[in-house]
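Asks: Under numbering that gives the first Met the number 0, read the sequence shown as residues 0 to 161, first letter to last.
Backbone N, C-alpha and C define an ideal beta-carbon position, used for all residues, glycine too.
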Amino acid sequence: MSVGGPADRRTGRSDSPRPDDLPATGRLLAIDIGDKRIGLALTDPLQTVAHPLATLTRRPGRRFPLKRLKEHLDAHRPTGIVVGLPLLPDGSEGERAGEARATATRIANQAGLPVVLWDERMTTARALEAIRALGGGLRGRKKEIDQLAATTLLQSYLDSRR
0 MSVGGPADRR
10 TGRSDSPRPD
20 DLPATGRLLA
30 IDIGDKRIGL
40 ALTDPLQTVA
50 HPLATLTRRP
60 GRRFPLKRLK
70 EHLDAHRPTG
80 IVVGLPLLPD
90 GSEGERAGEA
100 RATATRIANQ
110 AGLPVVLWDE
120 RMTTARALEA
130 IRALGGGLRG
140 RKKEIDQLAA
150 TTLLQSYLDS
160 RR
């Protein structure tokens, strides 16, 4: 499993992703992990563009819903997974980053697919901006926000490989 994102490229950390961290063809699945909801996004087979897929509900105090994720993995057969890494504003890792790392490890073990952790700072803010730009209110759109956050995360990863 590797870690990357804009913060890593600026700092030059050795754990920054390389273009070969995930397969260059086949669908990629992104997972934006939240306390209550988990946004999912998927690429096309040529990895050109990311699009929203689904939102999984997470019960407070419960573990990540691996069985429900497995249904999406079986249905869409991705070749790799991008998991959001919630870094602090200064780029350091806090408690939530540790939880994301542990969850990413469980997902990698369960799915048997390569997993990349990717800087997810500002993905939800960008999703909110997109909904507002379309003239939509936020009321009742929490699931869409989580899917758009995952889409933003995945598109960021795709753009870094170009």
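Cβ atoms of GLY33 and ASP145: under 8 Å apart, would you say?
Replies: Numbered from its first residue, the sequence shown carries residue 145 at position 146. Numbered from its first residue, the sequence shown carries residue 33 at position 34. Going by C-beta atoms, ASP145 is nearer than 8 Å to GLY33.
Asks: Per the DSSP calculation, THR42 is bridged to which residue(s)?
Replies: For the purposes of this step, residue 42 is identified with residue 43 of the sequence shown, where counting begins at 1. Beta-bridge pairing links THR42 to ALA49.
Asks: Say whether chain D places a C-beta atom closer than 8 Å to the C-beta of LEU45.
Replies: Looking at the structure shown, chain D is missing, and only one protein chain is on hand.
Asks: Considering only C-alpha positions, which residue in the set ARG120, ASP43, HIS71, THR102 is nearest to ASP89?
Replies: Here residue 89 refers to the residue found at position 90 of the sequence shown. Selected option, being the one with the closest Cα: ARG120.
Asks: With the cut-off set at 8 Å, would you say ARG83 and ASP31 are in Cβ contact?
Replies: Stepping through the sequence shown from its first residue, residue 83 is reached at position 84. Stepping through the sequence shown from its first residue, residue 31 is reached at position 32. Residue identity check: residue 83 is Gly in the sequence provided, not Arg. Against a cut-off of 8 Å, the Cβ pair of ASP31 and GLY83 comes out as a contact.
Asks: Work out the CA separation of SER91 and THR104 for me, nearest whole Å.
Replies: Counting from one through the sequence shown, the residue named residue 104 turns up at place 105. Counting from one through the sequence shown, the residue named residue 91 turns up at place 92. Each residue's Cα considered, the two are about 20 Å apart.
Asks: Ends of the beta strand (DSSP E) at LEU116?
Replies: What you label residue 116 is simply residue 117 of the sequence shown in a count that begins at 1. LEU116 -> beta strand (DSSP E) spans 114 to 118.
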